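K.L.:
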Amino acid sequence: MLKNKTDIEWISLTEKISQGFAEKAKQHDESGTFVHENYNVLKEHKFFSAMIPKELGGEGLSHTAMCECVKIVGESCGSTALALSMHQHLIAASVWKYFKDGSNETLLRNVSNHELILISTGARDWLGSNGELKKTNGGYLFSAKKHFASQSAIGDMVITSSIYEDTNNQKSVLHFGVPTNSVGVSLLDDWHVMGMRSTGSQTLVFDNVFIPNSAISLERPQGEFHGVWNVVIPVAMPLIMAAYVGIAKGAYSEAIKIGKKYQRNHKHLKYIVGKMYNSYILALTQWHSMVLTANNLRFDPDNQKTIDILSLKTNVSDACIDTVNQCMDAVGGQSFYKSHSIERMFRDVQAGNFHPLPKWDQYAFTGEIILNNN
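1 is the number of the first residue of the sequence shown in full-length UniProt numbering; add one for each residue after it.
#1: With a CB to CB cut of under 7 Å and the five nearest residues on each side skipped, what residues in its chain are close to Phe-336?
#2: Assuming Ala-248 and Thr-323 form a contact by the criterion Cβ under 8 Å, report the distance between their Cβ atoms to the nearest whole angstrom.
#3: Which of the three DSSP states, helix, strand or coil, is assigned to Pro-221?
#4: When the Cα atoms are used, what is the spatial distance from Glu-59 to Ile-52?
#5: Alpha carbon to alpha carbon, what distance is there between Ser-18 and Asn-104?
#6: In terms of alpha-carbon separation, which member of Trp-126, Ile-154, Lys-54 lies closest to Asn-113?
#7: Nearest to Val-291 by CA position, among Ser-341, Gly-333, Leu-239, Asn-315, is which residue?
#8: Between which two residues does the beta strand (DSSP E) containing Asp-207 stretch?
#9: Considering only their Cβ atoms, is the gap separating Ala-22 from Cys-69 smaller than 8 Å?
#10: Would DSSP call Val-183 helix, strand or coil?
#11: Where are the alpha helix (DSSP H) runs, 4 residues long or more, that stay fully inside the segment 319-368, in chain order?
#12: May I have the straight-line CA-CA distance separating Leu-13 from Ile-72, to the nearest angstrom?
#13: The beta strand (DSSP E) spanning Leu-133 covers which residue range?
#14: With distances taken from CA atoms, which of His-63, Pro-212, Cys-320 is nearest Ile-4?
#15: Report yes if the C-beta distance between Thr-293 and Asp-308 is below 8 Å; otherwise report no.
#16: Quick one: what's residue 399 bridged to in DSSP?
#17: Determine which residues share a DSSP beta bridge with Phe-142 and list them.
#18: Tell me the DSSP secondary structure of Leu-118 in three-state form.
#19: If you scan the segment 48-106 from start to end, which runs of the beta strand (DSSP E) of 3 or more residues do you find wholly inside it?
#20: Quick one: Cα of Phe-210 to Cα of Glu-132, how far?
#21: Compare the C-alpha of Pro-301 against each of Glu-368, Val-231, Trp-287 and name the closest.
#22: Taking the alpha carbon of Asn-169 as the reference point, which residue from Pro-221, Asp-190, Leu-116, His-192 has its own alpha carbon closest?
#23: Is it a yes or a no for the segment 36-53 touching the segment 122-138, going by three-plus beta-carbon pairs under 8 Å?
#24: Please confirm whether Met-241 and Gln-350 have their CB atoms less than 8 Å apart.
#25: Here's a check: name, in chain order, each residue in its chain whose Cβ is nearer than 6 Å to the Cβ of Glu-219, leaving out the five neighbours to either side.
#26: With Val-205 and Ser-186 assumed to form a contact (beta carbons below 8 Å), what rounded beta-carbon distance in angstroms separates them?
#27: When the Cβ atoms of the segment 351-370 are set against those of the segment 314-321, are three or more pairs found closer than 8 Å?
#28: Which one or two residues does DSSP pair with Ile-216 in a beta bridge?
#29: Taking only the alpha-carbon atoms, compute the straight-line gap between Gly-246 and Phe-299 and give it to the nearest angstrom.
#30: Gly-32 and His-192 - do their beta-carbons sit closer together than 8 Å?
#31: Just reading off the alpha helix (DSSP H) that Phe-21 is part of, what are its end residues?
#32: Hey, quick one: how far does the alpha helix (DSSP H) through Trp-287 stretch, first residue to last?
#33: Any chance the CB of Leu-82 is under 7 Å from a heavy atom of the ligand SAH?
#34: Taking the straight line between their C-alpha atoms, what separation do you get for Asn-372 and Phe-365?
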């Protein structure tokens with residue numbers, strides 16, 4: 001799948017540094033603290049600008065290779081992989097636009113020059129968004145609470161959206177970026193969760209933060225599907241789900257290592273392992289299909305690609321969860337102990353369903369489009 005020399009070198013680098021991430025995963029999971037040390041390593045090796053084209057100061061890493069890098073990190077530490085994917089999918093969308101019409105150059109150069117970390121609030125925004133924008137001289141005053149903001153513990157720029165109601169009571173959603181050091185931006189200490197405990201996904205609070213007119217990148221009708229999602233979803237979901245495929249691979253590898261020691265005493269183990277492998281291959285191959293659909297950010301967006309990616313996302317999430325469940329069956333009662341890495345992976349992998357779109361929302365969204373298609 002990877003032939004480019006740059007891509008292959010980055011895969012090798014990721015395999016090397018991610019070994020250290022595994023050693024810290026248990027500690028951060030227990031304390032619920034952000035993976036600062038891992039991020040320092042990633043920043044040192046310029047992972048946050050890696051996918052930016054070389055002419056803009058980046059490394060020119062392909063989208064396909066970055067998906068593989070996230071997967072490799074996920075094998076060692078799911079939280080680090082998921083947090084990294086949140087930055088990378090924003091970069092991917094900007095690079096797609098740059099490839100298309102040359103725009104977003106300023107943002108991409110700023111990231112590559114300073115290794116800036118971008119935060120997404122898209123998990124809860126979707127079609128309707130939330131918050132409030134009030135018109136003021138030269139821009140807007142923005143107030144909102146944005147939950148599930150992965151990397152908010154360390155990020156430099158928030159890529160977000162909010163609702164503006166004009167004088168005719170017409171509501172629209174405006175998209176924009178906000179530096180995290182802006183006056184009125186604060187962070188809650190509320191990321192106390194079951195899994196993915198080290199992603200630093202605290203709630204961001206915006207209290208009358210000034211947003212200049214020049215920061216507005218998109219205006220769209222509230223609550224309606226907009227063409228922007230036909231770009232965002234195909235570039236984002238392969239990266240995000242890479243973290244979960246990595247978790248499934250990590251759990252699978254650990255279960256096989258343990259199973260080789262105990263297979264003589266457990267005659268049924270071969271059946272569990274065979275079923276476990278089937279689930280992992282299901283996750284891996286459908287994830288590969290997602291990556292191929294993104295075509296290294298050289299694709300024409302359309303509704304069909306978006307429908308397919310969202311359906312594949314649900315399937316991949318389910319298959320990853322099934323894989324880890326079967327890893328627990330294979331390992332037995334020891335996997336129930338918090339000291340065991342598969343126990344952490346079991347909790348982490350559950351989060352896959354909650355990324356847009358959650359399973360039942362995806363079923364309804366896809367079914368409605370299919371039924372209404374002329």
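Cβ atoms here follow ideal geometry from the backbone N, Cα and C, with glycine treated the same way. Keep in mind the model is a prediction, meaning the values are calculated, not measured.
P.N.:
In brief:
#1: By 1-based counting over the sequence shown, the position of residue 336 is 336. Excluding sequence neighbours, Phe-336 sits near Glu-343.
#2: The residue you call residue 248 lines up with position 248 of the sequence shown. The residue you call residue 323 lines up with position 323 of the sequence shown. Yes, they are in contact, since the Cβ atoms of Ala-248 and Thr-323 sit about 4 Å apart, within 8 Å.
#3: The sequence position of residue 221 within the sequence shown is 221, counting from 1. Residue state, collapsed to three classes: strand.
#4: By 1-based counting over the sequence shown, the position of residue 59 is 59. By 1-based counting over the sequence shown, the position of residue 52 is 52. Looking at the two C-alpha atoms, the distance is approximately 6 Å.
#5: Within the sequence shown, the letter at position 104 stands for residue 104. Within the sequence shown, the letter at position 18 stands for residue 18. Their Cα atoms are separated by approximately 31 Å.
#6: Against the sequence shown, residue 113 aligns to sequence position 113. Of Trp-126, Ile-154, Lys-54, the residue nearest in Cα terms is Lys-54.
#7: Counting from one through the sequence shown, the residue named residue 291 turns up at place 291. Val-291 has its Cα closest to that of Leu-239, out of Ser-341, Gly-333, Leu-239, Asn-315.
#8: As a working note, residue 207 is residue 207 in the sequence shown. Its beta strand (DSSP E) spans residues 204-212.
#9: Counted from its first residue, the sequence shown places residue 69 at position 69. Counted from its first residue, the sequence shown places residue 22 at position 22. Not closer than 8 Å, so no.
#10: The residue you call residue 183 lines up with position 183 of the sequence shown. In the structure shown, Val-183 sits in coil (DSSP, three-state: anything other than H, G, I, E or B).
#11: Here the runs fully enclosed are 341-349.
#12: Position 13 of the sequence shown, counting from 1, holds the residue named residue 13. Position 72 of the sequence shown, counting from 1, holds the residue named residue 72. About 10 Å.
#13: Counting from one through the sequence shown, the residue named residue 133 turns up at place 133. 132-136 is the extent of the beta strand (DSSP E) around Leu-133.
#14: What you label residue 4 is simply residue 4 of the sequence shown in a count that begins at 1. The sequence given here has Asn at residue 4, not Ile. Of the listed residues, the one whose Cα sits closest to Asn-4 is His-63.
#15: Position 293 of the sequence shown, counted from the first residue, corresponds to residue 293. Position 308 of the sequence shown, counted from the first residue, corresponds to residue 308. Yes.
#16: This structure cannot speak to residue 399, because the chain is shown only from 1 to 374.
#17: For the purposes of this step, residue 142 is taken as residue 142 along the sequence shown, with counting starting at 1. In DSSP, Phe-142 forms a bridge with Leu-133, Val-209.
#18: Along the sequence shown, one-based indexing puts residue 118 at 118. Strand, per DSSP.
#19: Considered as a whole, the segment 48-106 harbours no complete run of any beta strand (DSSP E) with no fewer than 3 residues.
#20: The sequence position of residue 210 within the sequence shown is 210, counting from 1. The sequence position of residue 132 within the sequence shown is 132, counting from 1. Computed Cα separation, rounded: 12 Å.
#21: Sequence index remark: in the sequence shown, residue 301 carries index 301 (1-based). Among Glu-368, Val-231, Trp-287, the Cα nearest to that of Pro-301 belongs to Val-231.
#22: By 1-based counting over the sequence shown, the position of residue 169 is 169. When Pro-221, Asp-190, Leu-116, His-192 are compared, the shortest CA-CA separation from Asn-169 is found for Pro-221.
#23: no
#24: The residue you call residue 241 lines up with position 241 of the sequence shown. The residue you call residue 350 lines up with position 350 of the sequence shown. It is not a contact, given that the beta carbons lie outside the stated cut-off.
#25: By 1-based counting over the sequence shown, the position of residue 219 is 219. Counting only Cβ-Cβ distances below 6 Å, and skipping sequence neighbours, we find Ser-172, Leu-174.
#26: For the purposes of this step, residue 205 is identified with residue 205 of the sequence shown, where counting begins at 1. For the purposes of this step, residue 186 is identified with residue 186 of the sequence shown, where counting begins at 1. That belief holds up - the Cβ atoms of Val-205 and Ser-186 are roughly 5 Å apart, short of 8 Å.
#27: yes
#28: Taking the first residue of the sequence shown as position 1, residue 216 is located at position 216. DSSP, once it has assigned bridges, lists Phe-176 as partnering Ile-216.
#29: In the sequence shown, the residue the question calls residue 246 occupies position 246. In the sequence shown, the residue the question calls residue 299 occupies position 299. Straight-line Cα distance between these residues: approximately 25 Å.
#30: Taking the first residue of the sequence shown as 1, we reach residue 192 at position 192. Taking the first residue of the sequence shown as 1, we reach residue 32 at position 32. The answer is yes: Cβ separation under 8 Å.
#31: Translated into positions along the sequence shown, residue 21 becomes position 21. Phe-21 -> alpha helix (DSSP H) spans 5-31.
#32: On the sequence shown, position 287 is the one that residue 287 refers to. Counting along the chain, the alpha helix (DSSP H) containing Trp-287 begins and ends at 269-294.
#33: The ligand content of the structure shown is nil, which means the ligand SAH is not present either.
#34: Numbered from its first residue, the sequence shown carries residue 372 at position 372. Numbered from its first residue, the sequence shown carries residue 365 at position 365. Cα to Cα, the separation comes out at about 11 Å.
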